[in-house]
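To convert, note that position 34 of the sequence shown is 152 in the working numbering; the numbers rise steadily by one, no gaps. Where a beta carbon is used, it is the ideal one built from N, C-alpha and C, also for glycine.
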Amino acid sequence: LSGAARTPSWPAAAPAPLGAQIDHVLATPDFSARDARFLDIGNTDHRALVVTLTLHKAETER
Numbered sequence: 119l120s121g122a123a124r125t126p127s128w129p130a131a132a133p134a135p136l137g138a139q140i141d142h143v144l145a146t147p148d149f150s151a152r153d154a155r156f157l158d159i160g161n162t163d164h165r166a167l168v169v170t171l172t173l174h175k176a177e178t179e180r
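Here is the structure:
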């Protein structure tokens with residue numbers, strides 16, 4: 119999902135392309151992002167970033 123959406127996350131009131139996408143999710147190679155979306159929530163000037171992560175199975179030791 120890297121670069122999949124350029125939705126501005128701050129300020130929430132700014133229409134695209136005037137806002138900035140300053141909120142991100144970083145993960146180790148143990149995870150991959152399946153879905154990401156921004157939600158408008160109250161009492162803040164940011165949009166919420168909601169991400170669904172998949173945890174990859176660890177290799178079993180032999």
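Judging by CA-CA distance, which residue of the options is the nearest neighbour of residue i?
i: His157; options: His174, Pro147, Phe149, Ala166; result: Just to set this straight, residue 157 is Leu in the shown sequence, not His. Of His174, Pro147, Phe149, Ala166, the residue nearest in Cα terms is Ala166.
i: Ala132; options: Ala145, Gly160, Thr146, His164; result: His164
i: Asp153; options: Trp128, Lys175, Ala176, Thr170; result: Thr170
i: Asn161; options: Pro135, Thr125, Ala130; result: Ala130
i: Gly137; options: Trp128, Leu144, Ser150, Arg155; result: Trp128
i: Lys175; options: Val168, Arg155, Pro147, Ile159; result: Pro147
Could you have a look at residue i and say whether DSSP puts it in helix, strand or coil?
i: Leu136; result: coil
i: Ser127; result: coil
i: Arg180; result: Confidence in Arg180 is poor, its pLDDT being 49 and thus under 50, which makes the residue's placement too unreliable to answer from.
Assuming residue i and residue j are in contact, meaning their beta carbons sit under 8 angstroms apart, how far apart are those beta carbons, in whole angstroms?
i: Phe149; j: Thr172; result: 6 angstroms
Roughly how many whole angstroms lie between the Cα atoms of residue i and residue j?
i: Val168; j: Arg155; result: 5 angstroms
i: Ala151; j: Pro135; result: 24 angstroms
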